[in-house]
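In my numbering, the protein residues as written are 27 to 448.
From the three backbone atoms N, C-alpha and C, an ideal C-beta is built for every residue, glycine too.
Just so you know, these numbers come straight off a predicted model, no measurement behind them.
The block underneath contains the structure these notes are about, expressed in structure tokens.
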Amino acid sequence: MSESNGEAVAAVVSATEAAAEAAAEVAVGGWRRTTGIAGLAIGVVAAGAAAGVAIERLTVGRGMRQKARLALDSAGPYGGLRGTPGRAYAEDGTELYYEVDDLDPDAESDRARRRRRLFGRKAPAPVTVVFSHGYCLNQDSWHFQRAALRGVVRTVYWDQRSHGRSGRGVAQTRDDLPVTIEELGRDLKAVVDAAAPEGPIVLVGHSMGGMTVMALADAFPDLVRERVVGVALVGTSSGRLGEVNFGLPVAGVNAVRRVLPGVLRALGQRAELVERGRRATADLFAGIIKRYSFASRDVDPAVARFAERMIESTPIDVVAEYYPAFNDHDKTEALAHFAGLPVLVLAGVRDLVTPSEHSEAIADLLPDAELVLVPDAGHLVMLEHPELVTDRLADLLARAGALPAAATVDGYGSTSSSAGPG
27 MSESNGEAVA
37 AVVSATEAAA
47 EAAAEVAVGG
57 WRRTTGIAGL
67 AIGVVAAGAA
77 AGVAIERLTV
87 GRGMRQKARL
97 ALDSAGPYGG
107 LRGTPGRAYA
117 EDGTELYYEV
127 DDLDPDAESD
137 RARRRRRLFG
147 RKAPAPVTVV
157 FSHGYCLNQD
167 SWHFQRAALR
177 GVVRTVYWDQ
187 RSHGRSGRGV
197 AQTRDDLPVT
207 IEELGRDLKA
217 VVDAAAPEGP
227 IVLVGHSMGG
237 MTVMALADAF
247 PDLVRERVVG
257 VALVGTSSGR
267 LGEVNFGLPV
277 AGVNAVRRVL
287 PGVLRALGQR
297 AELVERGRRA
307 TADLFAGIIK
317 RYSFASRDVD
327 PAVARFAERM
337 IESTPIDVVA
347 EYYPAFNDHD
357 KTEALAHFAG
367 LPVLVLAGVR
377 DLVTPSEHSE
387 AIADLLPDAE
397 LVLVPDAGHL
407 VMLEHPELVT
417 DRLADLLARA
427 GALPAAATVD
437 GYGSTSSSAG
447 PG
């Protein structure tokens, strides 16, 4: 074995051991044994990511990596787009933050005149496109699609409970109740009622956001029948998530499934200590995030860092209180409410979180849907291949009547934080 190969192997071992030590360090009192098991499970998950981190450690010093992160954080334009803010309130009182990007005033005045000529004074409201984000993300995960669509169509972006700028879930903090996908569907209904109380709507959801859209349809079929004119389900699943192996060997995934729910509960009870541990092992977590977010080798480092910041910003206790909901999620029957609508089902072929087979299963139940499987794409396909996702989304919006046939949608749009409203 060459000296350089030996160093790489040693670095992989070191990184994996560091994961176990990080879990063990947060052990306190009676749950020391639990976090010891957690260390083993996290070590299994970390091994793949650690290989990439190890190679980087051979060539780039820690101080240099920290400086690079700071440079990306200060220069990266991603996530800076803002709209007109609003707040909705869930059934339990949780404050749900949303932003609206309205139509360009000049374009809207032309459309308004045309609508008045056709319908008289009571012209119908414009189509509103409502975007729901995934687990451990926030509304900024739609950055590229937002940049391309702003001014062209009325859009709403919101942060799910306990994510982004929304409030912590009242049912979780006050009543110690678990999060359920059904609850998220009702949250989305509250946002629709506040931000788009009338007119046709298109529902777009990524990962957990797609599950939220399904839960809305399950609970409020009349809303879908009367107002929804299109649906996009990106990198999501209608159920059977307990069978996903996350790209791990059988022994590894079985260990993770066995201990992870209890481990997350234990870590959530020591959130402050765990957050310090996350910061101390930032390199390893960055490797894990990249492995489970992207598949391409040439992802823009600024985009990768943008995704990393969103995921890092989700507190460990929020991660813990959401996790059990996915094993219970089953909204296969709710898909029937989308039959006959323009539907886009899109996924990355190399998605390790919600494998593309789950999107194929959705498309099998909606035979009129457009199924798009993106090669060399992982879970955050809308960040990894933004032009392709925006193109297919724009086509869906045109079919749904949300965009005029002659509308031009730039694949990226402006990344300026001053573009458009807000």
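Span of the alpha helix (DSSP H), counted from its first residue to its last, around residue i
i      : result
Pro412 : 412-425
Gly211 : 207-221
Gly374 : Per DSSP, Gly374 belongs to no alpha helix (DSSP H); it is in the beta strand (DSSP E), 369-374.
Ala330 : 327-338
Phe272 : No alpha helix (DSSP H) contains Phe272, which DSSP labels as neither H nor E.
His355 : Taken as a continuous stretch (DSSP letters only), His355 belongs to no alpha helix (DSSP H), as it is neither H nor E.
Asp118 : Note, Asp118: premise wrong, no alpha helix (DSSP H); not H, not E.
Ala245 : 234-245
Member of the options whose CA lies at the smallest distance from the CA of residue i
i      : options                        : result
Lys215 : Arg323, Val179, Phe157         : Phe157
Ala174 : Asp377, His189, Leu129, Thr358 : Leu129
Lys450 : Gly404, Arg212, Val218, Thr154 : Past the boundaries of the shown model lies residue 450; the chain is included only from 27 to 448, so the question cannot be answered.
Val239 : Val398, Gly190, Phe364, Ser382 : Phe364
Ser188 : Thr199, Val182, Glu117         : Thr199
Gly195 : Gly231, Ser319, Thr120         : Thr120
Glu224 : Val369, Pro131, Arg253, Arg212 : Arg253
Asp1   : Val155, Arg191, Ala151         : The first residue shown for the chain is 27 and the last is 448, placing residue 1 beyond what the model contains.
Tyr124 : Val178, Gln186, Pro103         : Gln186
Ala346 : Ala360, Asp326, Leu203, Met237 : Leu203
Leu419 : Ser233, Gly112, Val126, Gln171 : Gln171
Cys162 : Gly366, Met234, Leu399, Asp390 : Met234
Gly160 : Phe246, Met336, Val126, Val250 : Met336
Leu210 : Asp394, His355, Gly366, Phe320 : His355
For residue i, three-class secondary structure by DSSP
i      : result
Val407 : helix
Tyr104 : coil
Ala64  : For Ala64, the predicted model reports a pLDDT of 46, less than 50, meaning its position is unreliable; a value from the coordinates is still stated below. Here Ala64 sits in helix by DSSP.
Arg180 : strand
His189 : coil
Glu224 : coil
Arg253 : helix
Tyr318 : helix
Leu392 : coil
Leu399 : strand
Ala428 : coil
Ala365 : coil
Gly195 : coil
Val379 : coil
Tyr161 : coil
Leu203 : coil
Ala450 : Any property of residue 450 remains undetermined from this structure, which presents the chain solely from 27 to 448.
Ala151 : coil
Val435 : coil
Thr441 : A caution first: Thr441 carries a pLDDT of 36, below 50, which makes its placement in the model too unreliable to give a value.
Gly261 : coil
Ala44  : Unreliable placement is indicated for Ala44, whose pLDDT of 41 sits below 50; the coordinate value is still reported in the next sentence. If DSSP states are grouped into helix, strand and coil, Ala44 belongs with the helices.
Residue i classed as buried or exposed, judged by whether at least 16 other C-beta atoms fall within 10 angstroms
i      : result
Thr226 : According to the sequence displayed, residue 226 carries Pro and not Thr. So Pro226 ends up on the buried side.
Ser339 : exposed
Leu429 : buried
Arg323 : exposed
Glu413 : exposed
Ala312 : buried
Gly105 : buried
Glu117 : exposed
Asp213 : buried
Ala241 : buried
Ala330 : buried
Ala48  : Bear in mind that the predicted position of Ala48 carries a pLDDT of just 41, short of 50, making it too unreliable to give a figure here.
Rounded Cβ spacing between residue i and residue j (contact assumed at less than 8 Å)
i      : j      : result
Pro401 : Val375 : 5 Å
Arg7   : Val153 : This structure cannot speak to residue 7, because the chain is shown only from 27 to 448.
Val255 : Gly109 : In fact, because the Cβ distance is near 22 Å, the residues do not count as touching under 8 Å.
Val257 : Ala221 : Going by Cβ atoms, the distance from Val257 to Ala221 rounds to 18 Å, so no, they are not a contact pair.
Thr206 : Gly231 : Actually they are not in contact, since the Cβ atoms of Thr206 and Gly231 sit about 16 Å apart, beyond 8 Å.
Val369 : Leu392 : 5 Å
Ala360 : Ala197 : The Cβ separation is near 22 Å, so there is no contact.
Leu397 : Ala389 : 4 Å
Gly236 : Val260 : 6 Å
For residue i, the first and last residue of its enclosing beta strand (DSSP E)
i      : result
Ser158 : 154-158
Gly112 : 110-115
Asp128 : First-last for Asp128: undefined, no H or E at that position.
beta-carbon residue i near the ligand GTP non-hydrogen atom, thresh 6 Å
i      : result
Ala216 : In the structure on display, the ligand GTP does not appear, and there are no ligands present to speak of.
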